[in-house]
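For reference, the structure is listed below as C-alpha cells.
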Amino acid sequence: MSTLTTSYTDYTFSLSSSDQPYQIQAGDRIGIKYAGGSSSNNVSIMRDTASADPFDGTNSYYTYYTTAWNNVQTYDLYMTLKSSGTSGSFVDSKFAGGLNGPTAMEFAPDGRLFVTEKGGALKVIKNGVLLPTPFLSVPVDTRGERGLESITFDPNFVTNGYVYVYYTTSDLPNHNRVSRFTADPGNPDIAIVGSEVPILNLENLTSNVYHNGGALHFGKDGKLYVAVGENGNSSNSQTLTTRLGKILRINSNGSIPSDNPFFNAVSAKKEIWSLGLRNPFTFAFSPAAGSTLMHINDVGQNTWEEVNLGISGANYGWPTCEGVCVPTNPNFVDPIYTYNHNNSGAAITGGVFYESTQFPPEYNGSYFFGDYVVGFIKRLTPTNQVVSFLPTVDSPIDLDVGSDGSLYYLSIGKGEIHKVQFVPGTNHFPHANATATPMSGDPPLTVTFDGSSSTDPDPGTVLSYSWNFGDGFSDSGVSVTHVYKVAGPIIATLTVNDGNGGTDSTSINISVGTPPTGTIITPVVGTKYNAGDTISFNGSGTDTKDGSLQASAFKWVILFHHNTHTHPFLEFNGVKNGSFTIPTLGETSSDVWYRIYLTVTDSLGLNQTSTRDVIPNKSTITLASNVPGLLVYLDGQPQTTPTSFVGVVGINRTLQVPGSQIFGGNTYKFQSWSDGGAQNHTISTPSSIRMHSTGTPVGTASIGIINPDTSIKQLIGTIDVTSIKSSYADYTFSLEPSVSPYTIQAGDRIGLVYRGGTSSGNIISIMRDTTNAFDGTNSYMSYYTTKWNDSTTIDLYMTLKLVQ
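To convert, note that position 81 of the sequence shown is 85 in my numbering; the numbers rise steadily by one, no gaps.
This is the structure we're talking about:
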C-alpha cells in the first residue's frame, strides 16, 4: 500500500560558515519554500532555474543555492516542504486466483481478461470470474521458460475475432511459433476448433531452455511486434541471419513489411526490427494520443537490468555491452534506464504505460515495470526518473491497465492477478495478518485463530475481525477457536475492517487429517552433477488411509535455482520414477543448482512435499595469452587476459578472439589456442586455455644479431611497417670471428635476403633455419652464419623486406 498526502512541514536546520554556496535539494514530488532565517547577515535562497514555476511532480529534485559567507556565524534556515498530489492511498487487492503457472495477460476490448498459462491453456476471466473452460489449449514444450508465453488481440478483434499467441511447440525440433486463432462468434469465450493459423515459425531451439522472450503487441502502425530471446547463445543477438535476440515486426498475416530496417539487407532475416537483446521479456507501446513511444525490458545477466527505447534498426549492444556501454560505442543504443543487481539476481519483467484517470494526474505518462526476482513494481516518469510504487510484490510477471484505470499485475508465484487502485481521502487501509495453532491434525481438530498482529497505519483506529473457516462456518473477534470435524484440506480467511471503508484479507491453509508421507529415494543426499549428466529420480508414498500410493498420486517438480531466484525446469505427473538431463547450454553462473520436489496427495486431497537438492561440480577456468593484456571474448563479452572465473563442469562456453588487435603500441595477430581449437570455438568447462599471438611493433620492425660466444644482442637496423607495402632496405654490418654460428633475427612480418659478404679469408654463407618461405606468421625468423675462427672481421650485406 502506498500513500499520498497534502501537507506542510517546517524544517529548521543549521549551516556552518562556508566559502561556497550550499545546495538544498528536495526529492521527487516535494516543493521547497524559503520561510526565513536568523543570522548576523541575511542569507538568500535562489531557485536554480530562471523562473520559479510551480512544482509539478515531474522532476527528480529541486535545487536551491544559499549565498556564500566566510565569517564564523552559523545560519538557521527555515524551509517549508510541500507534498504535491492528491491525498489518498493505493490499495492492492486480489482480483482472481486459481491460475497454474500464469505467464502473461491482456485485456480484450470488451473488458474480459485473457491469461496464458505455461502449460498451454489460455484462460478467460469474465466479470471477475475465472471461467472453467479455456479459450484454447495448445500442446507445448514446458521445459525451463518455454510454454505458452503471451497473447495479443488483433486491432480489428471486435469484427474478426483474431487472437494471437506465442508458444514453444511440443513437436520436434522444438521451436517458438506465433499462431492466430479465431473466437467462436456463438461463444466468444472459446476459440473455433481447428482455427489455428501459424503465421511465424522461428528457429529451432538448442538444449538451452531459457531466454525465450515471447511478448506480443500490435503497434499503432497496425504491425505485430514480437520479442524473441537469444536462446542462451549470446552470439545470436548480433547476427542478422537469425531472429533470436531481436524484436521482430511483421504484418498480421505473417508477411513482412517492406519498410523494415533490414528488408533489403543481404542474408538478413527481413522480420528483424531491432537487435542486440538478451531476453526481451516484455515491451509496451504508449497509448497516449500521437505517441509512438515504445519501451523494451531486457533481462540482464550478471549486473544490469535494462529499459530500452524502441527504435527501428537499433542495436542495443548485447553481449558486448550489458547496461550502458563503457566505453561509449556509437554502434549501440544505450538503455534509457538501468538498475544494478550486484549478482544477487534480478529479472525485469512486466511493463505497461499508464494513461488513464483512476490514478492522480501526475501518474499519467509513467511506465510501470516489475521485477520478478526482487519483487517490486516501480514507475519511470516521462523524464526517466524512477519512483518506487509497490516495494514488496510476489513475483510480478506481467502488468496491464484495465478499462477502469486500475493497474493489474500477474503473480506467477501465487497464480493470482492483483488489482491496484487509488482510493482518495485521508484514510489508510489496514493490513491483515493471521496465525493458526495447530495447522494440521486428525479430526476433530480444534484450531485457535489469532489476528492480533494485523495493523492499521492510522493512529487510534479500532479494527474489526471476520473469520471464514472454510467449512461453511464463520465467526468474529481478534482471537477465535473452531473445531474441524471432517478430514480434508481447508482454507480459512481473515478479513479486517477499519470502519472507514478500508479492508484487507489474508488466508491460512489447514490440513484436517493425517497427510501422506512421500520419500525421495534417489537421487541420494549429496548427489552432484556435471552438465550433460542424466539424473534419475525415484520415490515412494504411503498413507494411513490409502496404504501404498499409486503413481497417479505423485507429482515431481524440478526447479533451477540461480542466485536468489528460481526458474521452472521440468514437471512429471503420475509417475514414481523418471530421469532428466542437465543441459550443457544455458546459465553460465556457478551459483546454480537443481531442487527436486516430490508431492504426494491422498484420496482426501491432503498432501506432503519432500525436496532433494542436486549440487554442481565446479571448476576454475583460466583464460590467458602469451602476451598478457590482450582481449578475448567469452560468450560474446570482452575479457582482458589473464582472467579466471568459476564455472559448472560441463557447461559449454564460446571463445572468440579478433584476428588482430592493437595493445601497448603493438599490433598482435591471433596464432592459436592451446587446446587446438579454431579462432572462434566452444569449450566445455573445466578448461585452462591460452591464446598465442604474434606481434608487430607499430611503426618499425627491427633486425638484430646475437653473438654466440657472448650471447650479446645487437640491434643493427629497423624498417617501417606502419602500413603494408613492399619495401627493401640494405644493411651492412660486421661480424667478429666466432667458433659458433651467429644468429641474425628479423621482427614479425620482416623477411631477410642475403646479398653477399667480404672477408680476407673464408667466404661466409647464410643458411635459413627452415626450408619454408617467410609467411609472416612466426614471431621472428632466424638465420645462422657459418662459423670461422680466423682473426678477420667480415662484412655481411642483408636486405630486409616487408612481407604482406
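Every residue gets a Cβ at the ideal spot worked out from N, C-alpha and C, and that includes glycine.
Checklist entry - Can you name the start and end residues of the alpha helix (DSSP H) that T592 belongs to? => result T592: not part of any alpha helix (DSSP H); DSSP gives it neither H nor E.
Checklist entry - Nearest-angstrom Cα distance between G609 and K549? => result Distance between the alpha carbons of G609 and K549 is about 12 Å.
Checklist entry - Around the Cβ of T775, are there at least 16 other Cβ atoms within 10 angstroms (buried) or fewer (exposed)? => result Unreliable positioning characterises T775 in this predicted model, as indicated by a pLDDT of 37, which lies under 50. A coordinate reading is not provided.
Item to check | Euclidean distance between Cα positions of G536 and T210 | outcome: The alpha-carbon atoms of G536 and T210 are separated by roughly 13 Å.
Next on the checklist: Quick check on DSSP: helix, strand or coil for N621?
Outcome noted: Coil, per DSSP.
Checklist entry - Under 8 Å, do T531 and V618 count as touching if we go by C-beta distance? => result For T531 and V618, yes; Cβs fall inside 8 Å.
Checklist entry - Below 8 Å between beta carbons: does that hold for L384 and Y376? => result No, they are not a contact pair.
Checklist entry - Under three-state DSSP, which class holds F289? => result Three-state result, F289: strand.
Checklist entry - By how many angstroms is the C-alpha of F649 removed from the C-alpha of I625? => result Roughly 5 Å separates the two Cα atoms.
Checklist entry - Excluding five sequence neighbours on each side, which residues of the same chain lie with their C-beta closer than 8 Å to the C-beta of G101? => result Within the same chain, G101 has close Cβ partners L134, K418, G419, E420 and I421.
Checklist entry - Going by beta carbon distance, what residues of the same chain come within less than 8 Å of T686, once the five residues before and after it are set aside? => result Here the set comprises N656, R657, T658 and L659.
Item to check | Pick from L248, H486, F667 and A187 that is closest to L204, judged by C-alpha positions | outcome: When L248, H486, F667 and A187 are compared, the shortest CA-CA separation from L204 is found for L248.
Item to check | 3 or more residues per run - each beta strand (DSSP E) lying fully within the region 87–170 | outcome: Taking only runs of at least 3 residues, the beta strand (DSSP E) segments lying wholly in the region 87–170 are 92–100, 106–111, 117–121, 125–130 and 152–157.
Next on the checklist: With distance defined between alpha-carbon atoms, name the residue in Y171, H179 and T156 nearest to T186.
Outcome noted: For the options Y171, H179 and T156, the alpha carbon positioned closest to that of T186 is the one of T156.
Item to check | Proximal residues to R253 (C-beta, below 7 Å), its chain only, five neighbours per side dropped | outcome: Here the set comprises K227, Y229, P261, N264, E275 and W277.
Checklist entry - What are the boundary residues of the beta strand (DSSP E) that G321 is part of? => result Run containing G321: none; DSSP gives neither H nor E here.
Item to check | D508 vs F393 beta-carbon contact at 8 Å | outcome: Taking 8 Å as the Cβ cut-off, D508 and F393 do not qualify as a contacting pair.
Checklist entry - Considering only residues of the same chain and omitting the five flanking positions on each side of G305, which have a CB-CB separation below 7 Å? => result One detail in the question is off: residue 305 reads as Gln in this sequence, not Gly. Cβ-Cβ distances below 7 Å link Q305 to R282 and E326 in the same chain, with the five nearest sequence neighbours on each side left out; the list follows chain order.
Item to check | Nearest-angstrom beta carbon gap, P461 and V516 [assumed within contact, 8 Å] | outcome: For a cut-off of 8 Å, the C-beta gap from V516 to P461 is around 36 Å, too long to register as a contact.
Checklist entry - Alpha carbon to alpha carbon, how far is T671 from Q665? => result Spanning the alpha carbons of T671 and Q665 requires a straight line of approximately 6 Å.
Checklist entry - Can the beta-carbon of W560 be found closer than 8 Å to that of Y601? => result A contact, by the Cβ cut-off of 8 Å.
Next on the checklist: Taking only three categories from DSSP, how would you classify R772?
Outcome noted: Note that R772 has pLDDT 45, beneath the 50 cutoff, so the model's placement of it is unreliable and no number is given.
Checklist entry - Taking the runs of the beta strand (DSSP E) that are 3 residues or longer, which of them lie wholly in the region 622–680? => result Taken in chain order, the complete beta strand (DSSP E) segments of 3 or more residues contained in the region 622–680 are 622–629, 635–638, 641–644, 647–652, 656–660, 664–667 and 670–677.
Checklist entry - Does DSSP classify S360 as helix, strand or coil? => result Collapsing the DSSP output to three states places S360 in coil.
Checklist entry - Cα-Cα, which of D547, R150, G455 and S259 is closest to P519? => result Measuring from the Cα of P519, the nearest candidate turns out to be D547.
Item to check | Presumed contact (8 Å Cβ cut-off) between I416 and T107, rounded CB distance | outcome: Between the beta-carbon of I416 and that of T107 there is about 7 Å, and that keeps the pair under the 8 Å contact cut.
Checklist entry - Taking Cβ positions only, does A436 come closer than 8 Å to chain C? => result The structure shown contains no chain C, having only a single protein chain.
Checklist entry - So is V328 buried or exposed if we call it buried at 16+ other beta carbons inside 10 Å? => result Here V328 is exposed, its C-beta having fewer than 16 other C-beta atoms within 10 Å.
Item to check | Cutoff 6 Å; reference S470; Cβ partners in own chain excluding five residues on either side | outcome: Only residues of its own chain outside the window of five on either side were considered, and among them S480 and T499 have a CB closer than 6 Å to the CB of S470, listed in chain order.
Checklist entry - Would you report the Cα separation of T613 and G543, rounded to the nearest angstrom? => result Approximately 12 Å, taken between the alpha carbons.
Item to check | C-alpha gap between E207 and V232, whole angstroms | outcome: Whole-angstrom Cα-Cα distance: 10 Å.
Item to check | Beta-carbon proximity check, V337 vs A318, cutoff 8 Å | outcome: Their beta carbons are under 8 Å apart, which means V337 touches A318 by this criterion.
Checklist entry - Taking the beta strand (DSSP E) that T452 falls in, what are its first and last residues? => result Looking at the DSSP string, the run of the beta strand (DSSP E) that includes T452 is L449 to D454.
Checklist entry - How many whole angstroms separate the CB atoms of V653 and N534, which I take to be in contact at a CB cut-off of 8 Å? => result The distance from the Cβ of V653 to that of N534 is about 4 Å, consistent with a contact at the 8 Å cut-off.
Checklist entry - Going by Cα to Cα distance, which pick from A491, G476, N235 and A436 is closest to S468? => result Taking only the C-alpha atoms, the option nearest S468 is A436.
Item to check | Exposure of P339, with buried meaning 16 or more beta-carbon neighbours within 10 Å | outcome: P339 comes out buried.
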